[in-house]
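First comes the structure, then the notes that go with it.
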Amino acid sequence: MIGIGNDSRGDDGLGWKFLDVLGAKGLTCEKAYRYQLQIEDAEFISSFQHVVFIDATREPIAAGFSFGSCEPADEFSFSTHRQSPGVVLHLAQDLFQSKVKGYVLAIAGYEWALGQGLSKRGETNLERAIQFFTERFKPREVALPIL
């Protein structure tokens with residue numbers, strides 16, 4: 011699981027906090043904290059069967075979060091220092107012949123200013139995402155079932 015964000019920028023820390031809470035609940039899988047995805051992450055995920063990218067989003071989501079499959083994307087941005095989950099997945103499959111399946115968990119955030127701590131609405135969405143995830147995928151399971 012890769013939590014993307016920055017816990018010093020309000021709700022941008024939702025991805026990291028998600029990993030912290032699941033770790034406290036006994037989830038025993040590889041966890042990584044990233045400020046942003048980079049091409050080097052393709053090698054990191056290439057040896058796994060499944061990867062979940064967790065990040066905050068500014069997009070309004072009625073349920074407060076969304077979870078779904080991540081499709082490989084053969085498109086690159088101007089800078090190699092910020093890649094989408096789809097690009098990282100594509101690189102893992104293309105460069106390392108990986109069969110890793112990807113998923114994205116997007117948690118709606120609202121406040122992005124400098125400062126630690128989540129907004130009340132961000133915390134509510136985090137709780138909803140954690141409840142969904144722990145009910146669907148038991149915390150002691152390492153592999154994710156296919157959707």
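Using our numbering, read the sequence shown as starting at 11 and increasing by one per residue. Quick reminder that beta carbons are idealized off the backbone N, C-alpha and C, glycines included.
Same chain, Cβ closer than 7 angstroms to residue i, neighbours up to 5 away in sequence not counted
i: H100; result: P82, A83, D84
i: L157; result: Bear in mind that a pLDDT of 44 at L157, under 50, signals an unreliable position, so the number given afterwards is only what the model happens to contain. So the list reads S79, once near-sequence residues are dropped.
i: P95; result: L47, F63, C80, G112, V114
i: N16; result: D22, G23, Y45
i: A66; result: G15, D21, D22, L24, G25, I117, G119
i: W122; result: R19, G20, D21, D22
Residues near residue i by beta carbon distance below 6 angstroms, same chain, minus five either side
i: F106; result: S56
i: G74; result: A118, N135, R138
i: R68; result: none
i: Y43; result: G13, W26
i: V61; result: I55, V110, G112
i: K41; result: M11, L29
Test item: CB-CB of residue i and residue j under 8 angstroms
i: L136; j: F63; result: no
i: I140; j: L24; result: no
i: Q161; j: I14; result: This structure cannot settle anything about residue 161, because the visible part of the chain is limited to 11 through 157.
i: L128; j: S18; result: no
i: Y113; j: R131; result: no
i: V98; j: D51; result: yes
i: Q126; j: Q93; result: no
Range covered by the beta strand (DSSP E) that runs through residue i
i: R44; result: 42-44
i: A66; result: 60-67
8 angstroms CB neighbourhood of residue i in its chain, flanking five on each side removed
i: T70; result: A small fix is needed here, since residue 70 is Pro in this sequence, not Thr. Same-chain partners within the cutoff: A118.
i: E53; result: A102, L105, F106
i: T144; result: L32, K35
Span of the alpha helix (DSSP H), counted from its first residue to its last, around residue i
i: A52; result: 51-55
i: G13; result: G13 -> not in any alpha helix (DSSP H); beta strand (DSSP E) instead, spanning 12-14.
i: F28; result: 24-34
For the stretch 69-79 against the stretch 35-48, are there 3 or more C-beta pairs whose distance is under 8 angstroms?
-> no
Entirely enclosed beta strand (DSSP E) segments - the stretch 81-132, minimum 3 residues = 111-118
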